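Numbering (full-length UniProt numbering), first residue to last: 1 to 201.
C-beta: ideal position from N, C-alpha, C; glycine also.
On a predicted model such as this, the values are computed, not experimentally measured, just so you know.
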């Protein structure tokens, strides 16, 4: 529990730099850190959930604010509560053109979803597009999602692009591509069996 509170404080401190969280979020983290009982913590988190449900349902929420709400949803789930009502907004944020927003979206979906979740199908096209990005940070974010979320049925949709990234000029991308192929081998060995001879070369 103390570790979760520490992570929350680090998120809040980071927000004062580049994340741009509001005083409301900082107060939430502070109040959770000062809780003396689980019941008190639950009361605060349940109130936060109701607040977030209303805020994300508002029309035309600015992207900067939606990014904050998604981070707050992550914090809610870190504390053991359900934030599934906001998952779709994290998925939508992976489509964003802003690198910061896109990476926030990818971070959230890799924490919220598993490979069998119904929303995975909505991310595959975005991953395919981002694997072709000229920005290697976008490619890395997409590869991280591939490693955690791509299941046996969706491997063929991204496999050719992942293989191509083995020749990427950035070492970080090449490493993540190898990790993705290892994940594919764990989930469906036959999907990458034809590549084994290439690795041996």
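Touch test, the stretch 133-145 against the stretch 153-170, Cβ-Cβ under 8 Å, three pairs minimum: yes
Where residue 24 falls: helix, strand or coil (DSSP): helix
Cβ-based burial, residue 39 [other Cβ within 10 Å; buried from 16]: exposed
Candidates 80, 71 and 132, of which the one nearest residue 106 by Cα: 71
Range covered by the alpha helix (DSSP H) that runs through residue 125: 121-130
Straight-line gap, residue 181 to residue 131 (C-alpha atoms, nearest Å): 14 Å
Where residue 118 sits in the DSSP three-state scheme: helix
Per-residue DSSP class, three states only, for residue 95: coil
Enclosing alpha helix (DSSP H) for residue 159 [first to last residue]: 155-164
For residue 63 and residue 96, believed in contact at Cβ under 8 Å, the rounded distance: 7 Å
Inter-residue CB distance, residue 158 and residue 128 (contact presumed, cutoff 8 Å): 6 Å
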